[in-house]
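So in full-length UniProt numbering, the last one in the sequence shown is 102, and the numbering has no gaps at all. Quick reminder that beta carbons are idealized off the backbone N, C-alpha and C, glycines included. Quantities reported herein were computed from a predicted structural model and do not represent experimental measurements. Here is the structure we will look at, set down as structure tokens.
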Amino acid sequence: MEEIATKLKNQREQLGITLKEAAKDTKIRLEYLQAIESGNFSNIGQEVFLKGFLKIYSDYLNLDTKEIIAEYEAAKSDYNLDSEDQDSLADKLSMNRVSPKL
1 MEEIATKLKN QREQLGITLK EAAKDTKIRL EYLQAIESGN FSNIGQEVFL KGFLKIYSDY
61 LNLDTKEIIA EYEAAKSDYN LDSEDQDSLA DKLSMNRVSP KL
């Protein structure tokens, strides 16, 4: 997800646009743009909003919207696989607990 954030930030800077200008032009809150550009996608809230913001922002920056969303989906699936591995490990560990005799 950091790669997407870096790509968006670098493009904005290359175009000479400030975050405040981008927020005003896209009507995306400044704090959301800051979160997106720093890779803190979890600060956005629901995924539907994040994907909408990514589409609007990448279009505004003249980037390929479909490519940005595809990169997000790929990164998200990698993250979900890591989370599933952690969940299965937690399940295995909890099954190995010893209960005290009463």
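What distance in whole Å lies between the Cβ atoms of M1 and A75, which are believed to be in contact at a cut-off of 8 angstroms? 5 angstroms
Every unbroken alpha helix (DSSP H) within the UniProt domain "HTH cro/C1-type" (8-68), with a cutoff of 4 residues, ordered by chain: 19-26, 30-37, 47-60
Does the structure place the region 60-67 close enough to the region 31-41 that three or more beta carbon pairs sit under 8 angstroms? no
Let me confirm a value: L15 is counted as buried when at least 16 other C-beta atoms fall within 10 Å, else exposed. Which label applies? exposed
How about I17 and Y32: do their beta carbons lie closer than 8 angstroms? no
Of the choices T6, E3, I28, whose alpha-carbon is the least far from that of Y60? I28
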